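Novice:
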Amino acid sequence: MSEFKKALSKKNHSNVIDQDVRDELLDVSESYIVQAPAGSGKTELLTQRILALLSVVSRPENILAITFTRKAASEMKERVISALIFAENVSEAPQTPHELARWSLAKKVLERDKEKQWNLIANPNRLKLLTIDSLSANLTGALPLLSQTGMLPSIAENADIYFKQASQAMLEHIDDDELGDVSSHIKILLKHKDNNLKQLVDLVSQLLAKRLQWLPRISHSDIEDVFSTKTIKNSLERIVEEKLLDIYSAMPLNIISELPPLLNQASSQLQEKKNIKHLQGLDIVESILKPNANDLTLWKAIAELLLTASKTKPSFYKSATKTNGFPQPADAINDDQENEFKINKEMMKNILKDCSKCTNLEFIVNEVRYLPDVNHGFDSEVLESLLAILPLAVAHLKLVFKEHNVLDFSELSIASLNALGTEDNPTDIALAMDYRIEHILVDEFQDTSSPQIDLLKLLTSGWDYSSNKTLFLVGDPMQSIYRFRDANVSLFMHIAEFGIGQVHPVYKQLKVNFRSNENIIDWVNRQFQSIMPAVNDLTLSAVSYATSTAFRKASPTSFVKSYLTVDAEDNQDQANEILSVIQQHLLENEKNKSDSSLKTLAILARSRNHLKEIIFLLNKNNIPYQAIDIEPLSSKMAVQDVVSLALALTDNYDQISWLACLRSPWFSLELDDMTKVMRAMGLKNHTILNDGLDSGEKDNEDYDKNNFLLSIPETINKLMTHHSLNDCLNYGLSKGLSESGKARCLKLMPILMSAIEQKGKKPFQKWLYGCFEAVGGLLQIDMLSEVEDIKTCVKRIAEFENAGEIIDRAGLQESLDKLYASPNSSADNQIQIMTIHKSKGLEFDRVILPRLDAKSFVPDTPLMKWAEVISDVGGSQTLLAISKPTGESNDSVYEYIGYLDKQKEKYENQRLLYVATTRAKQELHLFGNIKEDAKKIKAGESGKNSYKRPIANSFLDMIWDNIEPDESADSNRVKQKLNIIKTVSGICGNSKSDDNQSLLPIDKPTKLSEYELSQLTHLETKQQQLDVIFPDRLTKRCDISEVEEMPRSSAHEQHDSLEYWNENLHEKNIASSVGTLIHRQLEWIAEDIKRTSQNIKGNSLKLSDEYRLPTSWVDTTKSQLNALNLGINAEQIFIKANSIKELLDAVIKSEIGQFILAPYDSADNELALHKNLGKGLFHSRVIDRCFITEGRRWIIDYKSSVPLKSETVEEFIVRELQVYKKQLEEYVSFFKEMENYPTTAGLYLLSINQFVAVYKS
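Numbering of the sequence shown is given in my numbering, commencing with residue 2 and proceeding in unit increments.
1) For LEU1218 and GLU1212, what's the separation of their Cα atoms in angstroms?
2) On the criterion of 16 or more Cβ atoms from any shown chain inside 10 Å, does ALA1254 qualify as buried, or is it exposed?
3) By the DSSP assignment, the alpha helix (DSSP H) with LEU198 in it spans what residues?
4) Give, in chain order, every unbroken run of the alpha helix (DSSP H) that is at least 4 residues long and sits entirely within the segment 911 to 980.
5) Helix, strand or coil, according to DSSP, for GLY422 in the structure here?
6) May I ask you to verify whether the segment 529 to 536 touches the segment 52 to 69, counting CB pairs closer than 8 Å and requiring at least 3?
7) Among the residues of its own chain, which have a CB less than 8 Å from the CB of ALA970, if the five just before and after it don't count?
8) Quick check: LEU901 and LEU541, are their CB atoms within less than 8 Å of each other?
9) For the beta strand (DSSP E) containing PHE552, list its first residue and its last residue.
10) Could you pull out every residue in the same chain whose Cβ sits closer than 7 Å to the Cβ of LYS937, ignoring the five residues on either side in sequence?
11) Taking the alpha-carbon of ASP1185 as reference, which of ASN367, HIS1171, GLU1167 has the nearest alpha-carbon?
12) Thinking just about the alpha-carbon of each residue, which of LEU1122, VAL1148, SER1120 is nearest to the one in ALA1087?
13) For the segment 1122 to 1137 against the segment 1147 to 1162, do three or more pairs of beta-carbon atoms, one drawn from each stretch, fall closer than 8 Å, so that the two count as touching?
14) DSSP three-state label for TYR654, please.
15) Which residue's Cα is closest to the Cα of SER468: HIS440, ALA535, ARG797?
16) Please list, in chain order, all residues of the same chain as ASN830 whose beta carbon is under 7 Å from its beta carbon, the five residues on each side excluded.
17) Cα-Cα, which of ASN910, ILE834, LEU843 is closest to ARG920?
18) Have a look at ALA1124, ASP655, ASN910, LEU391 and flag the residue whose alpha-carbon is nearest the alpha-carbon of VAL582.
19) When we look at the beta-carbon of ALA535 and count the other beta-carbons within 10 Å, is it buried (16 or more) or exposed?
20) Distance, Cα to Cα, LEU1059 vs SER1248?
21) Cα-Cα, which of GLN1082, CYS1187, THR1190 is closest to LEU1145?
22) Would you mind sorting GLU404 into buried or exposed? The rule is 16 or more other CB atoms within 10 Å of its CB.
23) Threshold first: 4 residues or longer. Then list the alpha helix (DSSP H) segments lying entirely within the segment 367 to 409, N to C.
24) Would you say the segment 84 to 104 touches the segment 467 to 483, given that touching needs at least three Cβ pairs under 8 Å?
25) Can you tell me which of the three DSSP states GLN585 falls into?
26) Let's test the definition: count the other Cβ atoms within 10 Å of the Cβ of LEU747 and tell me whether it reaches 16, buried, or not, exposed.
27) Mapping DSSP to helix, strand and coil, what is ILE834?
28) So what does DSSP say about LYS274, is it helix, strand or coil?
29) Cα-Cα, which of LYS301, THR651, ASN1130, ASP1089 is closest to HIS365?
30) Per DSSP, which one or two residues make a beta bridge with GLY476?
31) Which residues bound the alpha helix (DSSP H) around GLU341?
32) Nearest by alpha-carbon distance to SER823: which of ILE832, THR793, ILE808 is it?
33) Please list, in chain order, all residues of the same chain as LYS819 whose beta carbon is under 8 Å from its beta carbon, the five residues on each side excluded.
34) According to the Cβ coordinates, are LYS512 and ASP19 closer than 8 Å?
35) Give the straight-line distance between the Cα atoms of MET339 and SER450, rounded to the nearest whole angstrom.
36) Would a C-beta distance cut-off of 8 Å place PRO315 and ASN367 closer than the cut-off?
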């Protein structure tokens, strides 16, 4: 090792503060387990470790490197070979430290390569860099008889259908007396599930899917030795005892010693309550000793004594009162009791005070509330019955696998474990591998599961300190996010402390992050030190945070920015803001396209549902992007066509599938011809034809293929070959197929009939894909990625085929719904969209995280819950519980596993956010929605304090406490920016005025649309709805505050004035859209002034000094303009946004603007007025702004028109008056029918900031 250190020390590593650790990790005589946080150069470390090992081993095959993805294995192999090629071609030492280190190591490998004649560069496959599944396949294939699989079948990535078939086959033994007690066990389970056979099938299927967790343990012993009521009870006792010891250790001894008299008093004084049943039933407590499992009731009583009732938000009582068992001394019945009450009350106060000073003690004590009852926590009869049928279920699964010649990954892993035998009784292959393998490296070790650890134990079972064999485990517990794949991060932490088998690797931690800028790293450190727990908890899979140090120094171009929309009604506002960021990104790349590489931007979502609005906007704006596993494969038309073809070819009477094929792009039969085909099929019962086909009913019990005289392909062939009128009449038709229909049928039906004849004679995948290609299905495909989608679909359909038939069609559709389309191969990598899970291991210049306010996914209540509980002192226990029938309470073991799952999910969500934020190199953009808190605003709160806290455990909730702007004096260290976006939609939703919601303004009488009427769901008839909105009197103010989701809109510029803008239609449309936007903004400003005026002293009608537009106004306007899809570039958007703000600033500062926008109590914005014309017809107008001041009604019509270049201001005013005079007089007539105020009506010409009166009475 010293030679390597000398080579590596030639260059200065002062910027890499953990370089000494990295150098030490190249010691090939020592085993290590390394925590490598995000961006710490884990892959480079593994590459250097492999190079260091290659320089000392006898053969490359002595080294085994294990990864979890093919991509990672390929990348690692490529790095090793590239390092060798570089060292072979470059004689001069590189200048950068990491390149020097790699070059030095590669030089030594080349010397070894030459000495041993490996010729690695020409034979890279001698490097054993495998995925864990490839390793299992190699082990199983190397000794097929020993591993009990024979020749290795194909691997089914989705084996749910096989689990279901095996479960159904096993349950058919319900009346089979030859299998002993199996029949009675099935009946017990069926009774437990209310005779719901489907639920029982699902339950057994879930167990088979999880068999990798339990089957290896019973392969060499009886199931009773591993799973029985006795073993589960023993596991419960150990779990309960360990947790009670944790609580006992966490609580100060002086508090514990004073609890007995307090428990005794509270037990005797408290009234009967559900949440204190353990305290009420407590026997006299003399003393509290070191606990065991039998003391659970006592410690539950202690929790009830000290903690308030809430289990989800535990806290200590604030005082000792009658409520928690400590009444006033005056309530005592004698002097002795009075003295006792007084002493205990004071003691309880002191204990509660001391407890509140202990960090997190309330959460530690609260855990006892969830601990299960050791003796009565589960239904032993049901559990024993379930365990008794497991061997039979596994046997049926093996038969199903054999029938279909497939395996799932679990079966492959089990077979590989069987191939190695046991630690005490290894097989020949285990001995051979022990002889060959000297060094094992495992990447992403935080994502391992217990069976994979068992595999490592078997591979290293013969190792000891004198063997000079090493184990090198690398991962980051903070990035463990695959619990849904049975990954258990606690295993990493457990092995770091206790080792694995005979090997005890040295724990090391890397610190330096080479990926992200210092501003990003500082933000991540600050956030996650408070988000993640302070200490590890193996039981709950809680991982404490380890800080990182940035290698890349702070830069003014690097930042974290939060965009928080306020009271947004939907996610569209977020999507609009995200579109603005994307367009700015593309604009920057366009300007810098001469650079060697373009910057990348990734949108990372917690759920695919969070991307719908964003993807819609990208498609609408023709922005290319790569979506990684986002678009469901089943949503693509070409895939639907393949599925229809497969279902049609396997069932000649499947009407829906055949009709889908006939109407598909590759067949394109006209609807009239399709109707003829269906009628010509003929039915034995013609009444069914008339009543069923014509009405569209298909659920008639007689409506099946036996009722048809001919199949669909037979019918088409008959229609193709019979042309006379009599032939047509025989089929109930007045005439045959159209000429174009005949031509299509003559071309395609021979291909389809040939395919039907060949069914079962060729491999299904080749047969189906060949047919789809032959009929021209691939001609509708535009991109190569779609061809891969078709192949993926065909492969999945083939998994459901049996003897040329597809029986489980519902299962096929469910399986297809889990597949996703390939990325758009024509798009570059400037914009990428994926889930956070898919982004792991990747990095991007800019990262966008949408919908941070969304609540975490809440899974359905499963029929079975399973938990592997790893303790902090070593060892693990396995728990299993079954849900009760509907309506019954689940047992305490089931509830305890549910508590563990919920806690593990909470901690994994923290790690998921960490993974997402650490993908960013330069910029991190965070998006979420927040809600104003009316009570806090009324209390005078401002800033972030005026908003409600986000939903608990949402990503936004996690970062909420530290989300304030952080503007440093150093321009290079702007770490966090905050943009509160008070969107027009959200603010209007909060408006106090009920009148600023309106129906769409129309220019002529019309009827209410069906959509508008449907919004008034609380009224029974349309007439009632009309009567509510439009009473008999001619005109009224429209109050629709109780109407759900009534469409909202603003007034728009009349088209008559647009001709003066520009002769170009595109410019006219832009002008109209911008005018509408200005109307909306003026509406918001008027409402905001009204709210703001309540906090301003003095004359609130003059706001030039006090009122200002929000600082984010330009950004908000840019977002709104982008949402209008005006077809102009980002620079033009920016110019227009600034122009609009300048116009509005001028309005706010001017005397006339202040007069018009002043916060009058009578003011209305976008007021909708409707004139009833009878018979459901009405006339509708929307008034921009109106108010009453000093006894006069003012009617204001905003106009954003601008003077033409050739006209003066006076000419412009005259022109506008001519256009809008009649409209304003109509407004006045509406008001005259409702009131008798003197009225002034006029135009507010915004471009010249002048009000022009049109009418005055």
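Glycine included, each C-beta is placed from N, C-alpha and C at the ideal position.
Keep in mind that this is a model prediction, so the values were computed, not measured.
Specialist: In this structure, then:
1) The residue given as residue 1218 occupies position 1217 in the sequence shown. The residue given as residue 1212 occupies position 1211 in the sequence shown. One C-alpha to the other measures close to 10 Å.
2) One-based indexing of the sequence shown puts residue 1254 at position 1253. Classification of ALA1254: exposed, given that the 10 Å Cβ count is below 16.
3) Locating residue 198 in the sequence shown gives position 197, counting from the first residue. Unbroken alpha helix (DSSP H) run through LEU198: 198 to 210.
4) 935 to 939, 956 to 960
5) Here residue 422 is taken as the residue at index 421 of the sequence shown, counted from 1. If DSSP states are grouped into helix, strand and coil, GLY422 belongs with the strands.
6) no
7) Counting from one through the sequence shown, the residue named residue 970 turns up at place 969. Unreliable positioning characterises ALA970 in this predicted model, as indicated by a pLDDT of 48, which lies under 50. The coordinate reading is nonetheless provided below. None.
8) Against the sequence shown, residue 901 aligns to sequence position 900. Against the sequence shown, residue 541 aligns to sequence position 540. Yes, Cβ-Cβ distance for LEU901 and LEU541 is below 8 Å.
9) On the sequence shown, residue 552 is found 551 positions in, with the first residue counted as 1. Run containing PHE552: 550 to 553, per the beta strand (DSSP E) assignment.
10) The residue labelled residue 937 in the question sits at position 936 within the sequence shown. The residues are ASN946, SER947.
11) Counting from one through the sequence shown, the residue named residue 1185 turns up at place 1184. Checked all of ASN367, HIS1171, GLU1167; the closest Cα to ASP1185 is GLU1167.
12) Sequence index remark: in the sequence shown, residue 1087 carries index 1086 (1-based). Of the listed residues, the one whose Cα sits closest to ALA1087 is VAL1148.
13) no
14) Taking the first residue of the sequence shown as 1, we reach residue 654 at position 653. TYR654: coil per DSSP, three-state reduction.
15) Locating residue 468 in the sequence shown gives position 467, counting from the first residue. Measuring from the Cα of SER468, the nearest candidate turns out to be HIS440.
16) Numbered from its first residue, the sequence shown carries residue 830 at position 829. THR601, GLN627, listed in sequence order.
17) Your numbering for residue 920 matches position 919 in the sequence shown. When each option's Cα is compared against that of ARG920, the closest is LEU843.
18) The residue you call residue 582 lines up with position 581 of the sequence shown. The residue with the shortest Cα to Cα distance from VAL582 is ALA1124.
19) Working through the sequence shown from its first residue, we reach residue 535 at position 534. Answer is exposed; the Cβ neighbour count stays below 16.
20) Position 1058 of the sequence shown holds residue 1059. Position 1247 of the sequence shown holds residue 1248. Low confidence applies to LEU1059: its pLDDT is 32, below 50, so where it sits in the model is not reliable, and the reading given next is rough at best. Computed Cα separation, rounded: 15 Å.
21) Reading the sequence shown from its first residue, position 1144 is the one you call residue 1145. Of GLN1082, CYS1187, THR1190, the residue nearest in Cα terms is GLN1082.
22) The sequence position of residue 404 within the sequence shown is 403, counting from 1. Exposed: under 16 other Cβ atoms inside 10 Å.
23) 381 to 405
24) no
25) As a working mapping, residue 585 is identified with position 584 in the sequence shown. Helix at GLN585.
26) As a first step, residue 747 must be located in the sequence shown, where it is residue number 746. LEU747 comes out exposed.
27) Reading the sequence shown from its first residue, position 833 is the one you call residue 834. Of the three classes helix, strand and coil, the one that applies to ILE834 here is strand, per DSSP.
28) Sequence index remark: in the sequence shown, residue 274 carries index 273 (1-based). Correct three-state label for LYS274: coil.
29) Within the sequence shown, numbered from 1, the residue matching residue 365 stands at position 364. Position check: residue 365 holds Ile in this sequence, whereas His was assumed. Minimum Cα distance to ILE365 is reached at LYS301.
30) By 1-based counting over the sequence shown, the position of residue 476 is 475. Answer by DSSP bridge pairing, in chain order: GLN36.
31) Walking along the sequence shown from the start, residue 341 turns up at place 340. Element bounds for GLU341: 336 to 358.
32) On the sequence shown, residue 823 is found 822 positions in, with the first residue counted as 1. Measuring from the Cα of SER823, the nearest candidate turns out to be THR793.
33) Here residue 819 is taken as the residue at index 818 of the sequence shown, counted from 1. Excluding residues within five positions, the ones whose Cβ falls inside 8 Å are ASN159.
34) By 1-based counting over the sequence shown, the position of residue 512 is 511. By 1-based counting over the sequence shown, the position of residue 19 is 18. Yes.
35) Residue mapping note: residue 339 aligns to position 338 of the sequence shown, counting from 1. Residue mapping note: residue 450 aligns to position 449 of the sequence shown, counting from 1. In the sequence under discussion, the amino acid at residue 339 is Glu, which differs from the Met named in the question. Their Cα atoms are separated by approximately 60 Å.
36) Within the sequence shown, the letter at position 314 stands for residue 315. Within the sequence shown, the letter at position 366 stands for residue 367. Yes.
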